[in-house]
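For reference, the structure discussed in these notes is given below.
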Amino acid sequence: MLTLCLPTGRVLDEAVEVLENLGIPTLRLRERGRSLVIQEGEFRFLLAKPMDVPVYVHYGIADLALAGSDVIWETGASLVELADTGRGVCRIVLAGPKKVAARFLGHESRLMGLRVATKYPRIAEAFFADRGIQVEFVHLNGSIEMAPRLGLSDCIVDIVQTGSTLKANALSVIAEIAPVSLKFVASCKSLQLAWDGIEEIIGKFSSSSRKAGDEDGKAV
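So for the sequence shown, the working numbering puts the first residue at 7; every next one is plus one.
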């Protein structure tokens, strides 16, 4: 039996669709109710908060997972990225109100002491450290966009899809930090212990991706 960990929340339906397209049974996943551990055929599915998915794989609880590249980076878990699904696409950005955005057009000294709200402290710290800018971080777990509006922070580092939530809070993108998408990941240990099952899934995904690419090429 192969154990797969999937993220709950906005990307769960996309993760389930990825598996469904590979012929993996997902009926019980779609009828999951409140259950967070679901067995279907030769598969056991674990539903975890996105930030916890890499942890379950790292410690060998799950053999394989679909995890966002944002949480892979943020947790720092030692994982092997096997394939990019191209699903759950969004991006990590630095955003803020106009008056703060204007400060980024000047000398770096004007940015010292900024207060940055984020649920990605590791990613945010790396971004500013690379630029030699010392800032203060406020770690929040949700509704990050409210922070500048309420005076809790000067700007934010967060994920963005359409940008509508930023706009609703009078924020705009100051800098693009990284693209985000769902990726198949495993640990080195699970690649040894559950290689056959993992190889079959990744092989099917690679084959379907090549086929889709060939069809797109013919259409052009």
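Every residue gets a Cβ at the ideal spot worked out from N, C-alpha and C, and that includes glycine.
In this text, all values refer to a predicted model and were calculated from it rather than measured experimentally.
In chain order, G66 place their CB closer than 8 angstroms to the CB of K195, counting only its own chain and leaving out the 5 sequence neighbours on each side. Taking 8 angstroms as the cut-off, the beta carbon of L10 is found closer than this to the beta carbon of A68. For K105, the enclosing alpha helix (DSSP H) begins and ends at 104 to 109.
Restricted to the segment 145 to 187, the alpha helix (DSSP H) segments that are unbroken, complete and at least 4 residues in length are 152 to 155, 170 to 174, listed in chain order. With contacts defined as CB atoms closer than 8 angstroms, L120 and V144 fail to qualify as a contacting pair. Note on geometry: alpha-carbon atoms of D58 and P103 lie some 31 angstroms from one another.
Within its own chain, the residues whose Cβ lies closer than 6 angstroms to the Cβ of P13, once the five positions on either side in sequence are excluded, are P56, V59, listed in chain order.
With respect to the C-alpha of A176, the residue from R137, W79, A123, C161 having the closest C-alpha is C161. When secondary structure is reduced to three states using DSSP, R97 falls in the strand class. L53 has its alpha-carbon roughly 16 angstroms from the corresponding atom of K189. Around the beta carbon of L72, 16 or more other beta carbons sit within 10 angstroms, so the residue counts as buried. When DSSP states are grouped into helix, strand and coil, E20 belongs to the helix group. Within the segment 19 to 77, the complete beta strand (DSSP E) runs of at least 3 residues fall at 43 to 46, 49 to 54, 70 to 74. A straight line joining the alpha-carbon of A132 with that of V163 spans about 11 angstroms. In this structure, DSSP gives R121 an extended state, which the three-state scheme calls strand.
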